[in-house]
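Under the UniProt record's numbering, the first residue of the sequence shown is numbered 1, with each subsequent residue one higher.
The beta-carbon is built from N, C-alpha and C at its ideal position, and this holds for glycine as well.
Let me begin by presenting the structure, written as structure tokens, before commenting on it.
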Amino acid sequence: MTNYEQARRMVIDKVAPAGVERVLLLEAPGRVLAEDYVAPKDMPRWNNSAMDGFAVRSADCAPGTVLKVTDYIPAGVSSDDAVTPGCAARIMTGAPIPPGADAVVPIEETENTAETVKLLQQVKKHDHIRFQGEDVRGGEVIMTRGTLIGAPQVSLLASFSSVLVPVYRRVRVAILSTGDELVEIGTEPKESQIVNSNTLALATAVKLCGAEPVILGIARDDRDSHRALLSEGLKADVLITSAGVSAGDRDLVREILAELGVVEQFWKPGIKPGGPTAFGMKGNVPVFSLPGNPVSTMITFEEFARPAILRMMGHEKVFRRTVRGVLKEGARKKVGKVNFLRVHVSIEGGRFVASTSGDQNTGILKTMLRCNALAILPAEATEFAAGAEVDLHLLDPTLEMEV
1 MTNYEQARRM VIDKVAPAGV ERVLLLEAPG RVLAEDYVAP KDMPRWNNSA MDGFAVRSAD
61 CAPGTVLKVT DYIPAGVSSD DAVTPGCAAR IMTGAPIPPG ADAVVPIEET ENTAETVKLL
121 QQVKKHDHIR FQGEDVRGGE VIMTRGTLIG APQVSLLASF SSVLVPVYRR VRVAILSTGD
181 ELVEIGTEPK ESQIVNSNTL ALATAVKLCG AEPVILGIAR DDRDSHRALL SEGLKADVLI
241 TSAGVSAGDR DLVREILAEL GVVEQFWKPG IKPGGPTAFG MKGNVPVFSL PGNPVSTMIT
301 FEEFARPAIL RMMGHEKVFR RTVRGVLKEG ARKKVGKVNF LRVHVSIEGG RFVASTSGDQ
361 NTGILKTMLR CNALAILPAE ATEFAAGAEV DLHLLDPTLE MEV
């Protein structure tokens, strides 16, 4: 039996970035840069003022000196008129430094009129000047491939008028639920029927990865329905199924996938919940067959499918942050499988403290509402006392920033 760590590594080893596309700059946030970005020119492109004030010759500037104002240089305007001895040029933030000037005096450090400016403090050479290329040099690699694009990256790219940005392609993830007992949302379930919540939960999880969900609907418990919808799903970049992956009479997913050419890489990777999880490949298309229980579906997506989807879109950090923390309550488990304990993590006394989010029965969906982390209980251990140290997979990105 493939163990949990082997299964996670196998998934990542089997997938690769799905391809590159060029998108408009405002479509790039949240995407991953697919090529190193080389600055096409210096930034700033010229020496400019960092303040509203007066461009001066520092040699003229003792406290109390009165200079004649001979020019006005607003932002967006340059001047060829040199600042000569005994003179100053009124200048706005961002305007090019005029010839002859080697410092800027902020307006609040002066007493001034339309014709003169009195200096109140000592002025040093290069004060309040932003020099050409001091931020970025032309030819410098300023963003490397694999950079996640956010507001700072967009600002810099916009500064260089980069209209199109090379990013890794957003993958299409087909989602299929299986079972005669399922009805779609909006249909009142009869006794023995349940609403197909897994499809919507998985589609949400896919969207939160930045990928595109493709909802296939429900495969009924017959071979023709499974074959038709699974065949359609294999046209996407990734296929995820829920339910029908165990060993019952109506669990047809693995059998039909094999007939369609999917090569199974593992089944039952030594975990709880989510034991029947399977993973296979058809060419470059990864196929995740997840259990039907909603709690198990969400946890196995988190541990196996999410990292693969992120990897296919160029992300380098694909696993949730793992930290060491302590259990607030004790826990027990059987030997042989890694257990995922749904917990709520807080920071107490400079350490992560994990308290159970409720009854760990996989039928208790509301425990996922309070759960912001998964405590990873090792396969061979059985007893965990209160205060025991364990690995925690942090699911809440806001919690990741609190350390």
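Judged by their CB atoms, Asp71 and Ala89 are nearer to each other than the 8 Å cut-off. Taking C-beta atoms as the reference points, Ile175 and Ile256 fail to come closer than 8 Å. No residue range can be given for Pro291, since it is assigned to no beta strand (DSSP E) and is classified by DSSP as neither H nor E. Just so you know, the alpha carbons of Phe340 and Asn3 end up roughly 14 Å apart.
Lys118 counts as exposed, since fewer than 16 other beta carbons sit within 10 angstroms of its beta carbon. Distance from the CA of Lys124 to the CA of Ala59, rounded to the nearest whole angstrom, comes to 9 Å.
Distance check between Leu310 and each of Pro17, Ala7, Glu5 places Pro17 closest, using alpha-carbon atoms only.
Short of 7 Å from the beta carbon of Ala39, and not among the five residues preceding or following it, lie these beta carbons of its own chain, in chain order: Val136, Arg137, Gly138, Gly139, Glu140, Ile142, Phe160. Straight through space, the alpha carbons of Cys61 and Leu120 are spaced by roughly 9 Å. The DSSP-derived three-state label of Leu157 is helix.
The closest CA to that of His393, considering only Val343, Asp127, Ile347, Gln6, is found on Val343.
When secondary structure is reduced to three states using DSSP, Phe301 falls in the helix class.
Excluding the 5 residues flanking it on each side, Pro286 has same chain C-beta neighbours closer than 6 Å at Val15, Val238, Ala308, in chain order. When secondary structure is reduced to three states using DSSP, Asp60 falls in the helix class. Between Val165 and Val23, the C-beta spacing is below 8 Å.
Secondary structure within the region 141 to 219: the beta strand (DSSP E) runs of 3 or more consecutive residues, fully enclosed, are 141 to 143, 164 to 168, 172 to 178, 212 to 219 (chain order). Note: Phe319 is not bridge-paired with any residue in the DSSP secondary-structure output. Counting C-beta pairs with one atom in each stretch, the region 277 to 297 and the region 245 to 264 have three or more that are closer than 8 Å, which means they touch.
Shown here, Pro307 sits in a helix according to DSSP, grouped into three states.
Gln122: not part of any beta strand (DSSP E); DSSP gives it neither H nor E. In the DSSP assignment, Thr367 falls within the unbroken alpha helix (DSSP H) covering 367 to 370. For Gln265, no alpha helix (DSSP H) run applies; the uninterrupted beta strand (DSSP E) run containing it begins and ends at 263 to 267, by DSSP. Scanning its chain for C-beta atoms nearer than 8 Å, with the 5 sequence neighbours on each side dropped, one finds around His128 the residues Ser49, Ala50, Met51, Gly53, Ala103, Val104, Val105, Pro106, in chain order. In the DSSP assignment, Ser79 falls outside any alpha helix (DSSP H) and carries neither an H nor an E. Our two residues, Ala228 and Val295, have alpha carbons roughly 27 Å apart in a direct line. Within the same chain, and ignoring the five residues on either side of Leu374 in sequence, the residues whose Cβ sits closer than 6 Å to its Cβ are Phe340, His393. Across the structure, Asn372 and Asp396 are spaced so that their CA atoms are roughly 5 Å apart.
Looking at Val353, Thr367, Pro378, Gly363, the one whose alpha-carbon comes closest to that of Arg332 is Pro378. Each of Glu115, Trp46, Ala278, Ile194 was checked against the Cα of Lys68, and the nearest Cα belongs to Glu115. In terms of Cα proximity to Leu148, the closest of Cys209, Ile215, Ala205 is Cys209.
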